[in-house]
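Chemist: Under the numbering used here, the first residue of the sequence shown carries the number 50, and numbering increases by one thereafter. Note that the Cβ used here is the ideal one computed from N, Cα and C, for glycine as well. Please read these numbers as outputs of a predicted model, since none were measured by experiment.
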Amino acid sequence: MSEGALANLRDELEQIFATIGVQVSWVDRATSPEHASECLEFRAIILPIQPTSWGFRPRAMGTVLSLDPPHTVFIFFPTIVRTVMRLESSYYGRYGADCRLVARGMARIMAHEMLHVLAPGLPHSEEGLMKRALNRNDLLLERPVIDPAFADAFRRTLLAGNKTKRLLLGASSPHSGGH
Ligand SMILES: [Zn+2]
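#1: Going along the chain, which residues of its own chain have a beta-carbon closer than 8 Å to the beta-carbon of Arg204, five neighbours each way excluded?
#2: By the three-class DSSP mapping on this structure, what secondary structure does Gly227 have?
#3: How about His120: is its Cβ closer than 7 Å to a heavy atom in ligand 1?
#4: Give me the Cα-Cα distance between Ala202 and Pro82, rounded to the nearest whole angstrom.
#5: Quick one: residues in its chain with C-beta nearer than 7 Å to the C-beta of Thr128, no 5 flanking neighbours on either side, listed in chain order?
#6: I think Leu183 touches His165, with their Cβ atoms under 8 Å apart; what is that distance to the nearest whole Å?
#7: What are the uninterrupted segments assigned as alpha helix (DSSP H) that are 4 or more residues long and contained completely in the segment 103-185, given in chain order?
#8: Can you list, in chain order, the residues of its chain whose CB lies under 6 Å from that of His120, leaving out five sequence neighbours each side?
#9: By Cβ distance, which residues of its chain are closer than 8 Å to Glu61, with the 5 residues on each side in sequence left out?
#10: Measuring from the CB of Arg108, is there a heavy atom of ligand 1 at a distance below 7 Å?
#11: Look up Glu25 in the DSSP assignment and say whether it is helix, strand or coil.
#12: Got a sec? Which residues, its chain only, sit under 7 Å from Leu116 by beta carbon, not counting five neighbours each side?
#13: Who are the near neighbours of His224 in its chain, counting only those whose CB is closer than 6 Å to its CB and skipping five residues on each side?
#14: Which residues in the same chain have their Cβ closer than 7 Å to the Cβ of Arg106, if we skip the five residues on either side of it in sequence?
#15: Is the closest heavy atom of ligand 1 to the C-beta of Arg157 under 7 Å?
#16: Would you tell me roughly how many angstroms separate the C-alpha atoms of Gly226 and Glu191, rounded to the nearest one?
#17: Kindly examine ligand 1 and report whether one of its heavy atoms sits closer than 7 Å to the Cβ of Arg192.
Below is the structure:
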């Protein structure tokens, strides 16, 4: 991902978590593998593949494979681009992560999955960011709304493990640029 795309993604994530009083820091583990932190750390893996190739439904946008550390969330970049750009086909090559709207969609899917990791017992909510099936409006509406039960559980887990409401997030993408 380009610097600009990462900056957009970082902005969007900071805004989402600020709504529940959680501060996000960012580290690039490719360049700072030894950077130590007292924060709870998440890894976000941006997958350039179709979700069906991992056995998920075609419209899946993100997933979590394990709740254990290192906390890792996966997002399916092609599905997010298709949803944001209203594309029906699998073609997404014209649009890249540099697009602010794509960054917003990516950040919201990442946040959705991160909330699942720290609040694993909760069912999806009826409305807002923790709905089961997020649509284009949910990805792009001006203010993302996090269900209070998720927000509480997330903050509780964060505080229990770290005594600080801070998150550290690293993103990595198998592709750098090109899309
Ligand atoms: Zn979910």
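Modeler: Per the coordinate set shown:
#1: Ile69, Gly70, Val71, Lys214
#2: Because the pLDDT of Gly227 is 35, which lies under 50, any placement of that residue in the model is unreliable, and the question is left without a value.
#3: no
#4: 29 Å
#5: Pro100, Arg108, Ala109, Met110
#6: Between His165 and Leu183 the Cβ distance is about 13 Å, and since that is not below 8 Å, they are no contact.
#7: 126-134, 149-167
#8: Phe91, Val166
#9: Ala152, Arg153, Met155, Ala156, Arg157
#10: no
#11: There is simply no residue 25 to check, as the chain begins at 50 and stops at 228 in what is shown.
#12: Val166, Pro169
#13: Note that His224 scores a pLDDT of 45, beneath 50, so its modelled location is shaky and nothing firm can be said.
#14: Pro100
#15: no
#16: Unreliable placement is indicated for Gly226, whose pLDDT of 38 sits below 50; no coordinate value is reported for it.
#17: no
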